[in-house]
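**Q** Protein chains in written order, with our numbering: chain A, 136 to 559; chain B, 18 to 292. Submitted below is the structure of interest, expressed as structure tokens.
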Amino acid sequence: MTTDFFIPDPEGLVPNAAGYFGDFGGKFIPEALVAAVDEVAAEYDKAKADPAFAAELNDLLVNYTGRPSALTEVSRFGEHAGGARVFLKREDLNHTGSHKINNVLGQALLTRRMGKTRVIAETGAGQHGVATATACALFGLECTIYMGEIDTERQALNVARMRMLGAEVIAVKSGSRTLKDAINEAFRDWVANVDRTHYLFGTVAGPHPFPALVRDFHRVIGVEARRQLLERTGRLPDAALACVGGGSNAIGLFHAFLPDAGVRLIGLEAAGHGVDSGEHAATLTAGDPGILHGSRSYVLQDEDGQITEPYSISAGLDYPGIGPEHSYLKDAGRAEYRPVTDDEAMQALRLLSQTEGIIPAIESAHALAGALVVGRELGPDALLLVNLSGRGDKDMDTAAKYFGLYDDGAAGGRGGNDAQGETK
Amino acid sequence: MSGNIELLSGVLAAAKAEDRAALVGYLPAGFPTVEDGIAAAVAMIEGGCDIVEIGLPHSDPVLDGPVIQTADDIALRGGVRIADVIRTVGAVHAATGAPVLCMTYWNPVDRYGAERFAEDLAAVGGAGCILPDLPVEESAVWRAAAERHGLATVFVVAPSSRDERLAKITAVGSGFVYAASLMGVTGTRASVGASAEALVGRTRATTGLPVCVGLGVSNAEQAAEVAAFADGVIVGSAFVQRLLDAREAGQDLQAGLNALRGLAGELAAGVRKRG
Numbered sequence: 136m137t138t139d140f141f142i143p144d145p146e147g148l149v150p151n152a153a154g155y156f157g158d159f160g161g162k163f164i165p166e167a168l169v170a171a172v173d174e175v176a177a178e179y180d181k182a183k184a185d186p187a188f189a190a191e192l193n194d195l196l197v198n199y200t201g202r203p204s205a206l207t208e209v210s211r212f213g214e215h216a217g218g219a220r221v222f223l224k225r226e227d228l229n230h231t232g233s234h235k236i237n238n239v240l241g242q243a244l245l246t247r248r249m250g251k252t253r254v255i256a257e258t259g260a261g262q263h264g265v266a267t268a269t270a271c272a273l274f275g276l277e278c279t280i281y282m283g284e285i286d287t288e289r290q291a292l293n294v295a296r297m298r299m300l301g302a303e304v305i306a307v308k309s310g311s312r313t314l315k316d317a318i319n320e321a322f323r324d325w326v327a328n329v330d331r332t333h334y335l336f337g338t339v340a341g342p343h344p345f346p347a348l349v350r351d352f353h354r355v356i357g358v359e360a361r362r363q364l365l366e367r368t369g370r371l372p373d374a375a376l377a378c379v380g381g382g383s384n385a386i387g388l389f390h391a392f393l394p395d396a397g398v399r400l401i402g403l404e405a406a407g408h409g410v411d412s413g414e415h416a417a418t419l420t421a422g423d424p425g426i427l428h429g430s431r432s433y434v435l436q437d438e439d440g441q442i443t444e445p446y447s448i449s450a451g452l453d454y455p456g457i458g459p460e461h462s463y464l465k466d467a468g469r470a471e472y473r474p475v476t477d478d479e480a481m482q483a484l485r486l487l488s489q490t491e492g493i494i495p496a497i498e499s500a501h502a503l504a505g506a507l508v509v510g511r512e513l514g515p516d517a518l519l520l521v522n523l524s525g526r527g528d529k530d531m532d533t534a535a536k537y538f539g540l541y542d543d544g545a546a547g548g549r550g551g552n553d554a555q556g557e558t559k
Numbered sequence: 018m019s020g021n022i023e024l025l026s027g028v029l030a031a032a033k034a035e036d037r038a039a040l041v042g043y044l045p046a047g048f049p050t051v052e053d054g055i056a057a058a059v060a061m062i063e064g065g066c067d068i069v070e071i072g073l074p075h076s077d078p079v080l081d082g083p084v085i086q087t088a089d090d091i092a093l094r095g096g097v098r099i100a101d102v103i104r105t106v107g108a109v110h111a112a113t114g115a116p117v118l119c120m121t122y123w124n125p126v127d128r129y130g131a132e133r134f135a136e137d138l139a140a141v142g143g144a145g146c147i148l149p150d151l152p153v154e155e156s157a158v159w160r161a162a163a164e165r166h167g168l169a170t171v172f173v174v175a176p177s178s179r180d181e182r183l184a185k186i187t188a189v190g191s192g193f194v195y196a197a198s199l200m201g202v203t204g205t206r207a208s209v210g211a212s213a214e215a216l217v218g219r220t221r222a223t224t225g226l227p228v229c230v231g232l233g234v235s236n237a238e239q240a241a242e243v244a245a246f247a248d249g250v251i252v253g254s255a256f257v258q259r260l261l262d263a264r265e266a267g268q269d270l271q272a273g274l275n276a277l278r279g280l281a282g283e284l285a286a287g288v289r290k291r292g
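What follows is the structure, given as structure tokens:
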């Protein structure tokens, strides 16, 4: 069984030489990091031209990650989505439990090619951190993961996994103590240790070349899903849906469909307690263009350009920025982005669990909630493709508290405990 | 009104004529409050600083260590706005006649508008801007605005900067060049990076602009060591730490200002010793 890693980019969808997708992207970094970022770009260019690189990565994707990942039709869930046919791209079945491993293995190979011996990374939900710790164990690299203190608490299982894999996990106590601040701290580490350290960036944001590089490593998601869906149904989906925090699983799914004008691309953002509540992470819905973490893109900010603290029940989507290519796709009208609240996502999480026996990550549950709405809009003839970017094991403590699943009843239960929840 | 780039160049030239390095001090605006922050920057100049940089506190100070992060956080929680930062620059310049620059991450300026920011900074007598996360490739819009309003654009160079990049950066920079003594974020260090002298030499090979060295300098000995090979010595975290210490000890503002004057005096003696 083979899988596709490098498919030449459709025309016009690569960033320009300065790293811009239209008005978005670029390289807003301190001078101290310019040489290191340029080195990553140069090494990636060399790797792309080296058949041995693609061969080694493909071998890992098949024999280590377990690609291609399954495409699962979820008809009982689909009954709640206006009767639409819904297919899930099962990135949750990858080794380590999410899509993150696709990018991590590619960058781990680059790290080795650059002769660097240490890797640092940020993580929100811990999925990227676990994947990075995994690759570092596999390649014998020293590994330090930065994670916001709030996230180390709500994703404690993943902290233990990273430590079991031999990584050092540093709880970041500055700022909002979530993903944004973990990235700040990783940049501070990188500036000081850049000689031997690669910053294994986990999403399609950051300075050029990271948005394009991380995207390329995730393109396999959409390439596989498109082929699988054509084989199974004989047609393309009406819409492809994915959650967006930084946007890596979404861009991985969307990219193969960009030339297919009939396929709507829908990103689901974390609306937290609601976009109007001020407690959300819906960057494309409520943000403005600005610069955060090395590139120009939509960001949540005040009128003085201070970054606003985001909020989401989902640690992986709790980020006030977004990859620049998503900003480009939004402004170009090729993709649309919709907000999904905590409550909508949690109801979708339980619905998929209880109709299909698949417990999704809270992040991915945002995409599922979007599918319920879009399916009802389009009706029973619709064909929807949803990226199930990760599995929900890590979220069971949050979910148990939300739904009151613990015997002692100590925890919340805001969502009640009836068997067949439905989203609004 | 035009900005004070000429004043900045004049002060650096005067220090050179005295065969010493200039002393550049840094404090974020709004720390501990806007008014006390103005008094603090004035005290640094009274104590012996030749030039002051006023930081624009940012929510995401990626290039700052814990000391300046803490000060930024105090300033932001106190509600400091860009208008307060500009007012601070103006008040410090008006009280002392010294050149005052603004040091800021790029997003606040981008959001405020580069032209508007340059115009407002020049109007209060500001001398220029240091924009540590704005690489030369992205700087054209800012530089045009700065030139129109008589403001210096001070670029940061790092030990990792290759010679051809140094040439590209210094070709478009003005006022002075900020040479980072080491690879890292702001904060005091036990010793100044060994790479600083080499970087100053490589930078001088590309430009006639003065080269000032920052990052890690906190005492008179280090100031003298750096003054031996640089045109200016930049000190930030050590000043901020003095104010934090006074605050921590429950002392009043005067005690903090005295501490700043004292440190500025020691450093001013250091830059006149030249190692």
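We put the beta carbon where it would ideally sit given N, CA and C, even for glycine.
Note down the Cα distance separating A/G440 from A/A535, rounded to an integer number of angstroms.
**A** Cα to Cα, the separation comes out at about 38 Å.
**Q** Answer yes or no: do A/E444 and A/P459 have a C-beta to C-beta separation smaller than 9 Å?
**A** Not in contact: A/E444 and A/P459 (Cβ atoms no closer than 9 Å).
**Q** Mind pulling the chain A residues with CB within less than 8 Å of B/H110?
**A** In chain order: nothing, as chain A lies at least about 22 Å away.
**Q** Starting from the C-beta of A/G548, find all residues in its chain whose C-beta is less than 7 Å away, skip the five residues before and the five after it, and write them out in chain order.
**A** For A/G548, the predicted structure reports a pLDDT of 44, less than 50, and the residue's modelled location is therefore unreliable. The matter cannot be settled from this model.
**Q** How far does the beta strand (DSSP E) with A/K224 in it reach, from first residue to last?
**A** Here the beta strand (DSSP E) through A/K224 covers R220 to R225.
**Q** Taking 9 Å as the threshold (beta carbon to beta carbon), is A/N328 in contact with chain B?
**A** So yes, A/N328 belongs to the interface.
**Q** Nearest CA to the CA of A/A560: which residue from A/L503, A/A340 and A/I305?
**A** Any answer about residue 560 of chain A is impossible in this case: the structure gives chain A only from 136 up to 559.
**Q** How far does the beta strand (DSSP E) with A/E303 in it reach, from first residue to last?
**A** First-last of the beta strand (DSSP E) with A/E303: E303 to V307.
**Q** So with CB distances below 9 Å, who are the chain A contacts of B/S177?
**A** Near B/S177 (Cβ distances below 9 Å), the residues of chain A are E166, A167, L168, V169, A170, A171, V329 and D330.
**Q** Please report whether the beta-carbon of B/S254 lies at a distance below 9 Å from any beta-carbon of chain A.
**A** It does not: the Cβ of B/S254 has no partner Cβ on chain A nearer than 9 Å.
**Q** Express the C-alpha separation of B/L73 and B/P125 in angstroms, rounding to a whole number.
**A** Computed Cα separation, rounded: 8 Å.
**Q** Please say whether A/H234 and A/I356 have beta carbons closer to each other than 9 Å?
**A** A contact, by the Cβ cut-off of 9 Å.
**Q** Per DSSP, what are the beta-bridge partners of B/L118 in this structure?
**A** B/L118 is bridged to B/E70 and B/G145.
**Q** Are the stretch 214-224 of chain B and the stretch 180-192 of chain B touching, with three or more C-beta to C-beta distances below 8 Å?
**A** Enough Cβ pairs lie closer than 8 Å, so yes.
**Q** Does the pairing of the stretch 278-290 of chain A with the stretch 354-370 of chain A give three or more beta-carbon distances under 8 Å?
**A** Taking 8 Å as the limit for Cβ pairs, the verdict is that the stretch 354-370 of chain A does not touch the stretch 278-290 of chain A.
**Q** Output the residue ranges of the alpha helix (DSSP H) runs that lie fully inside the stretch 284-348 of chain A and measure 4 residues or longer, sorted by chain position.
**A** Taking only runs of at least 4 residues, the alpha helix (DSSP H) segments lying wholly in the stretch 284-348 of chain A are 284-289, 291-299 and 314-328.
**Q** Between which two residues does the alpha helix (DSSP H) holding B/A88 run?
**A** Segment P83 to R94, the alpha helix (DSSP H) holding B/A88.
**Q** Taking the alpha carbon of A/A396 as the reference point, which residue from A/V307, A/V326, A/S412 and A/A467 has its own alpha carbon closest?
**A** Ranking A/V307, A/V326, A/S412 and A/A467 by Cα distance to A/A396 puts A/A467 first.
**Q** Is the shortest distance between the beta-carbon of A/L427 and the beta-carbons of chain B less than 9 Å?
**A** So yes, A/L427 belongs to the interface.
**Q** Determine the extent of the alpha helix (DSSP H) in which B/G218 is found, giving its start and end residues.
**A** S212 to R221 is the extent of the alpha helix (DSSP H) around B/G218.
**Q** Look up B/L40 in the DSSP assignment and give the residues it is bridged to.
**A** According to DSSP, which records beta bridges pairwise, B/L40 is partnered with B/V250.
**Q** Quick check: what's the CA-CA separation for B/V288 versus A/L192?
**A** Taking the straight line joining both Cα atoms gives about 55 Å.
**Q** Excluding the five sequence neighbours on either side, which residues of its own chain have a C-beta within less than 8 Å of the C-beta of B/H166, listed in chain order?
**A** So the list reads S19, G20, A135, E136, L138 and A139, once near-sequence residues are dropped.
**Q** Tell me the DSSP secondary structure of A/M249 in three-state form.
**A** In the structure shown, A/M249 sits in coil (DSSP, three-state: anything other than H, G, I, E or B).
**Q** Considering only DSSP beta bridges, list what A/F538 is partnered with.
**A** Paired residues: none, contrary to the question.
**Q** Tell me which residues share the same chain as A/A554 and place their Cβ nearer than 8 Å to its Cβ, disregarding the 5 neighbours each side in the sequence.
**A** Confidence is the limiting factor: at A/A554 the pLDDT is only 37, short of 50, which leaves the residue's position unreliable and the question unanswerable from this model.
**Q** Is DSSP giving A/L276 helix, strand or coil here?
**A** Note: A/L276 maps to coil in three-state DSSP.
**Q** In the DSSP assignment, the alpha helix (DSSP H) including B/G282 goes from what residue to what residue?
**A** Looking at the DSSP string, the run of the alpha helix (DSSP H) that includes B/G282 is L270 to K290.
**Q** Quick one: grab the DSSP three-state call for A/Q441.
**A** A/Q441: coil per DSSP, three-state reduction.
**Q** With a threshold of 8 Å on Cβ separation, who are the neighbours of B/I99 within its own chain once the five nearest residues in sequence on each side are excluded?
**A** Within the same chain, B/I99 has close Cβ partners L73, P125, Y129 and F134.
**Q** Find out if the Cβ-Cβ distance for the pair B/A144, B/P116 is shorter than 9 Å.
**A** Yes, the Cβ-Cβ distance between B/A144 and B/P116 is below 9 Å.
**Q** Going by C-alpha to C-alpha distance, which of B/L183, B/T203 and B/G204 sits closest to B/V194?
**A** For B/V194, the nearest C-alpha among the options comes from B/L183.
**Q** Just to confirm before moving on: does the CB-CB distance between A/D453 and A/L314 stay below 9 Å?
**A** Yes. Within cutoff.
**Q** Thinking C-alpha only, which one of A/D516, A/V398 and A/D530 is nearest A/G213?
**A** Checking every option, the nearest Cα to that of A/G213 belongs to A/D516.
**Q** When the distance is taken between beta carbons, is B/T105 closer than 9 Å to B/I62?
**A** Not in contact: B/I62 and B/T105 (Cβ atoms no closer than 9 Å).
**Q** Would B/Q271 be called buried (16 or more neighbouring beta carbons within 10 Å of its own) or exposed?
**A** So B/Q271 counts as exposed.
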